[in-house]
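Below is one structure, written out as structure tokens, with a few remarks after it.
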Amino acid sequence: MIHLTPEQHVFVTERHLATLTTLRPDGTPHVVPVGFTWDPEQGVIRITTRFTSAKVRNIETRAGSGSEVRAAVCQVDGGRWLTLEGTIAVVRDRDEVLEAMRRYAVRYRTLTEDPRRVVLRLTVDRIMGSAYMTR
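Every number in the numbering used here is 322 more than the matching position in the sequence shown, counting from 1.
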């Protein structure tokens, strides 16, 4: 499991947006802005979205083909940046959705209930970043 340095942990808990990169069925990158939360106990990023989003379709299409589904979240602030990569899955479990919403409210703002809401769960296994963030 990945453990962040103290600097990295502070960075991923400050209020910043990031980008999520998934792959479309034709293999081209789909990059969109997202808010995310870091769970240090599980080494995962959670992103909430609706099950109708292109992100979800991209992930589920690749998962349906039997291949490992990978994605990356990149957060940038001036000269500080981190890219967190790993396997990603769509989670529809109500408890997981509520937990993601709770964490999101701490970092960003309270989300309204939406029956279409799902969680993109990225299990981080690789980190890249600016020199300051990776020493």
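Built from N, CA and C at the ideal position, the CB exists for glycine as well.
ask   = Is the distance from the Cβ of T405 to the Cβ of G349 below 8 Å?
value = Result no, Cβ atoms of T405 and G349 do not sit closer than 8 Å.
inquiry  = I want to see whether chain B comes within less than 8 Å of P355, judged by CB atoms only; does it?
reply    = Given the protein chain composition of this structure (a single chain), no chain B is represented.
key: From R429, L442, R438, R443, residue whose alpha carbon lies closest to that of L339   = Closest in C-alpha terms to L339, from the list R429, L442, R438, R443, comes R429.
request  = Give me the Cα-Cα distance between D447 and R379, rounded to the nearest whole angstrom.
outcome  = Between D447 and R379, the alpha-carbon positions lie close to 23 Å from each other.
query = Buried or exposed: Y426, going by 16 or more other Cβ atoms within 10 Å of its Cβ?
reply = Flag for Y426 reads buried.
request  = May I ask which residues mark the beginning and end of the alpha helix (DSSP H) holding T371?
outcome  = Per DSSP, T371 lies in no alpha helix (DSSP H) segment; the continuous beta strand (DSSP E) that holds it begins and ends at 366–372.
query = Of the residues R372, L345, P362, A411, which one's Cα is nearest the Cα of H325?
reply = By alpha-carbon distance to H325, the top candidate from R372, L345, P362, A411 is P362.
task = Apply the 10 Å Cβ neighbour rule to T434 and answer buried if 16 or more other Cβ atoms are within range, or exposed otherwise.
result = It is exposed - the Cβ of T434 has fewer than 16 other Cβ atoms within 10 Å.
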